[in-house]
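S.K.:
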Amino acid sequence: MDETIGDSGHTLEQLSAYFDAGRVPRIAAIEEDAECRAVLASMERLSRLTREMTDEDARPVDAPWVERVLSVVRSEVRAGRDLPIRAIDERTETTVTEGALRELVRRAGDGVEGVLVGRVALRLDDGALDVRLTLGVRFGAPMRTRADEVRAAVHAALAPHTPAPLRQVDVVVDDVFEIEE
Amino acid sequence: MSPALDAAPDALLAQRAQDGDDRAFAVLVRRHSPFLVAFATRYMRSSSDADDVVQEALITAWRRLDELREPERVRSWLATAVARRATDVLRTRARRDVQPMPEVEQEDDRSPAPERVAEGRLATTALREALARLPEDQREVWLLREMAELSYDEIAERLGTSPATVRGRLSRARSAVLAAMEGWR
């Protein structure tokens with residue numbers, strides 16, 4: 001067997017796994033042993049040094065580099081299902097893609113101050129459309145007010161284009177973020 | 001004014017990208033590509049194919065976004081895609097090339113930024129050297145854990161091995177790097 005460290009009765013491999021688990025749940029035999037604590041501190045320093053090395057290695061990519069990726073991405077935008085819009089008469093059919101409706105929802109929601117739309121789920125059920133969207137709210141912005149504003153904006157933007165009457169717009173605030181600038 | 005998409009957290013951008021928002025994906029590409037290129041360079045021991053590997057991995061990632069389970073960990077997920085692509089390229093190259101790969105790392109021919117030539121730079125240089133001397137299986141696990149921040153299970157899945165094997169290799173890698181870095185405590 002591998003030798004144990006200090007008086008902890010734990011091997012380096014066990015210490016290494018404990019470190020990667022974020023030192024939880026706490027193992028007293030390790031935390032109360034000075035030699036183990038020193039090894040854990042060394043592992044922590046190595047992780048920090050790796051982040052420094054990574055930062056040093058990172059080189060900004062230029063615009064043409066990014067464009068090579070994005071030109072392919074844009075050509076493959078996934079539109080999702082086609083949803084038929086209520087026909088005005090029997091001879092014509094108009095459809096709208098889920099992707100287009102999601103984009104409408106995102107643009108409408110993003111238009112409200114201090115918020116960004118996250119996920120947009122559309123559900124066509126019993127001849128009516130339900131929308132559920134998640135929202136990131138800038139730290140300090142009033143959540144309820146903003147959520148109500150988003151709901152109203154999405155209603156207004158979506159109603160003329162929906163394949164079925166718009167029944168419900170659910171808004172879930174699931175992220176609060178700071179602006180780093 | 002709404003915050004610019006550039007200021008949005010990874011999780012939100014990744015969710016939008018999963019819904020097909022290419023603008024959100026573009027922000028993720030700009031934000032994480034410098035890291036991904038650095039990761040690919042280190043992973044492949046060479047910068048020569050790193051750009052191609054990262055660009056191809058990003059396009060594949062876009063096609064497979066529905067497989068992303070934890071949007072807040074999109075950076076690690078993208079690094080996994082880069083590692084997968086890098087492995088394919090290295091295998092192809094190994095089959096094609098008669099000449100063995102050069103032992104010397106090639107990326108250090110780029111001149112360091114002057115402000116970094118200091119104590120910190122010396123320590124990271126020592127770390128680069130210690131990593132370069134690790135056996136390949138340990139080095140790979142170390143980079144996936146410490147640089148890409150993958151879990152043991154994720155590393156095991158990527159390498160087609162068990163979490164217990166990952167745990168053992170990582171421990172041996174740490175032991176060797178700690179010994180090599182003794183003077184930098």
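Residue numbers (UniProt numbering), protein chains in the order written: chain A, 1 to 181; chain B, 1 to 185.
Using N, Cα and C, we set each Cβ at its ideal position, and we do this for glycine too.
None of the values given here were measured: they were computed from a predicted structure.
1) Closer than 9 Å, Cβ to Cβ, to anything on chain B: give me those residues from the stretch 7-31 of chain A, in chain order.
2) If you measure beta-carbon to beta-carbon, which residues of the stretch 131-148 of chain B are closer than 8 Å to chain A?
3) So, T95 (chain A) versus R119 (chain A), is the Cβ gap smaller than 8 Å?
4) Below 7 Å on C-beta distance, what does S171 (chain B) contact in chain A?
5) Write down the C-beta distance between A50 (chain B) and R158 (chain B) rounded to the nearest angstrom, noting that I regard them as a contact closer than 8 Å.
6) Scan the stretch 99-124 of chain A for residues whose Cβ lies nearer than 8 Å to a Cβ of chain B and list them as they occur along the chain.
7) Do you know offhand how far S42 (chain A)'s Cα is from Q14 (chain A)'s?
8) Keeping to the same chain, check which residues put their C-beta closer than 6 Å to that of V27 (chain B); ignore five residues upstream and five downstream.
9) How about R132 (chain A): is its C-beta nearer than 8 Å to some C-beta of chain B?
10) What does DSSP give as the partner residues of E121 (chain A) in its beta bridges?
11) So, helix, strand or coil for R138 (chain A), using DSSP?
12) Please classify R110 (chain B): is it buried, with 16 or more other beta-carbons within 10 angstroms of its beta-carbon, or exposed?
13) With 8 Å as the limit, tell me which residues of the stretch 58-81 of chain A have their beta carbon closer than that to any beta carbon of chain B; keep them in chain order.
14) When DSSP labels each residue in this structure, what does T87 (chain B) get in the three-state scheme?
15) Note down, in chain order, each residue of its chain lying with its Cβ closer than 6 Å to the Cβ of L129 (chain A), except the 5 sequence neighbours on either side.
16) At least one CB of chain B closer than 8 Å to the CB of M53 (chain A): is that the case?
17) Mind listing which residues of the stretch 15-38 of chain B have their C-beta closer than 8 Å to chain A's C-betas, in chain order?
18) Which residues share a DSSP beta bridge with D62 (chain A)?
19) Which residues of chain B have a Cβ atom closer than 7 Å to the Cβ of L49 (chain A), listed in chain order?
20) Can you check DSSP and say which residues form a bridge with V177 (chain B)?
21) Classify T41 (chain B) as buried or exposed, calling it buried when 16 or more other Cβ atoms lie within 10 Å of its own Cβ.
22) Under 9 Å between beta-carbons, which chain B residues line up against E35 (chain A)? List them in chain order, please.
23) If you compare alpha carbons, which of A:R107, A:T11, A:S71 is closest to V29 (chain B)?
24) With DSSP as the reference, label R110 (chain B) as helix, strand or coil.
25) With burial defined as no fewer than 16 other Cβ atoms inside 10 Å of the residue's Cβ, what is the status of S16 (chain A): buried or exposed?
26) Under a CB-based cut-off of 8 Å, is G136 (chain A) close to chain B?
27) Does L46 (chain A) get closer than 8 Å to chain B when you measure Cβ to Cβ?
M.R.: So, to answer that:
1) T11, L12, E13, Q14, L15, S16, A17, F19, D20
2) R145, E146, M147
3) The sequence position of residue 95 (chain A) within the first sequence is 95, counting from 1. The sequence position of residue 119 (chain A) within the first sequence is 119, counting from 1. No, the Cβ-Cβ distance between T95 (chain A) and R119 (chain A) is not below 8 Å.
4) Taking the second sequence and counting its residues from 1, the one referred to as residue 171 (chain B) is at position 171. L12, E13, S16, listed in chain order.
5) As a first step, residue 50 (chain B) must be located in the second sequence, where it is residue number 50. As a first step, residue 158 (chain B) must be located in the second sequence, where it is residue number 158. Not quite, the Cβ-Cβ distance comes to about 18 Å (not below 8 Å), so this is no contact.
6) G99, R102, E103, R106, D110, G111, V112, E113, G114, V115, L116, V117, G118, R119, V120
7) Here residue 42 (chain A) refers to the residue found at position 42 of the first sequence. Here residue 14 (chain A) refers to the residue found at position 14 of the first sequence. Approximately 15 Å, taken between the alpha carbons.
8) For the purposes of this step, residue 27 (chain B) is taken as the residue at position 27 of the second sequence. Once the five neighbours on either side are set aside, the close Cβ partners of V27 (chain B) are L5, D6, L13.
9) Stepping through the first sequence from its first residue, residue 132 (chain A) is reached at position 132. R132 (chain A) does not count as touching chain B.
10) Position 121 of the first sequence, counted from the first residue, corresponds to residue 121 (chain A). At residue 121 (chain A) the sequence reads Ala, which differs from the Glu that was named. Partner(s): A:R132.
11) Counted from its first residue, the first sequence places residue 138 (chain A) at position 138. In this structure, R138 (chain A) counts as strand in the three-state DSSP scheme.
12) As a position in the second sequence, residue 110 (chain B) is number 110, starting the count at 1. With a pLDDT of only 47 at R110 (chain B), under 50, the local geometry of the prediction cannot be trusted, and the value read off the model is given with reservation. With fewer than 16 Cβ atoms within 10 Å of its Cβ, R110 (chain B) is classed as exposed.
13) A58, R59, P60, V61, W65, V66, R68, V69, L70, V72, V73, R74, E76, V77, R78, A79, G80
14) Taking the first residue of the second sequence as position 1, residue 87 (chain B) is located at position 87. T87 (chain B) falls in the helix class under three-state DSSP.
15) Position 129 of the first sequence, counting from 1, holds the residue named residue 129 (chain A). T162, A164, L166.
16) Position 53 of the first sequence, counted from the start, is the residue given in the question as residue 53 (chain A). Closer than 8 Å: yes.
17) Q15, R16, Q18, D19, G20, D21, D22, F25, A26, V29, R30, S33, P34, F35, V37, A38
18) Residue numbering aside, residue 62 (chain A) sits at position 62 when the first sequence is read from its first letter. The partner list for D62 (chain A) (beta bridge, DSSP) is empty, contrary to what the question assumes.
19) Here residue 49 (chain A) corresponds to residue number 49 of the first sequence, with the count starting at 1. Within 7 Å Cβ-Cβ: A123, T124, L127.
20) What you label residue 177 (chain B) is simply residue 177 of the second sequence in a count that begins at 1. Answer is none; V177 (chain B) lacks a bridge partner.
21) By 1-based counting over the second sequence, the position of residue 41 (chain B) is 41. By the 10 Å Cβ count, T41 (chain B) comes out buried.
22) As a working mapping, residue 35 (chain A) is identified with position 35 in the first sequence. Ordered by position in chain B, no residue passes the 9 Å Cβ test against E35 (chain A), which lies about 13 Å from the chain.
23) For this step, residue 29 (chain B) is matched to residue 29 along the second sequence. Ranking A:R107, A:T11, A:S71 by Cα distance to V29 (chain B) puts A:S71 first.
24) Residue 110 (chain B) sits at position 110 when you count from the first residue of the second sequence. Note that R110 (chain B) scores a pLDDT of 47, beneath 50, so its modelled location is shaky and nothing firm can be said.
25) Your numbering for residue 16 (chain A) matches position 16 in the first sequence. Result: buried.
26) Mapped onto the first sequence, residue 136 (chain A) falls at position 136. G136 (chain A) counts as touching chain B.
27) Position 46 of the first sequence, counted from the first residue, corresponds to residue 46 (chain A). Taking Cβ atoms only, chain B reaches closer than 8 Å to L46 (chain A), which makes this a yes.
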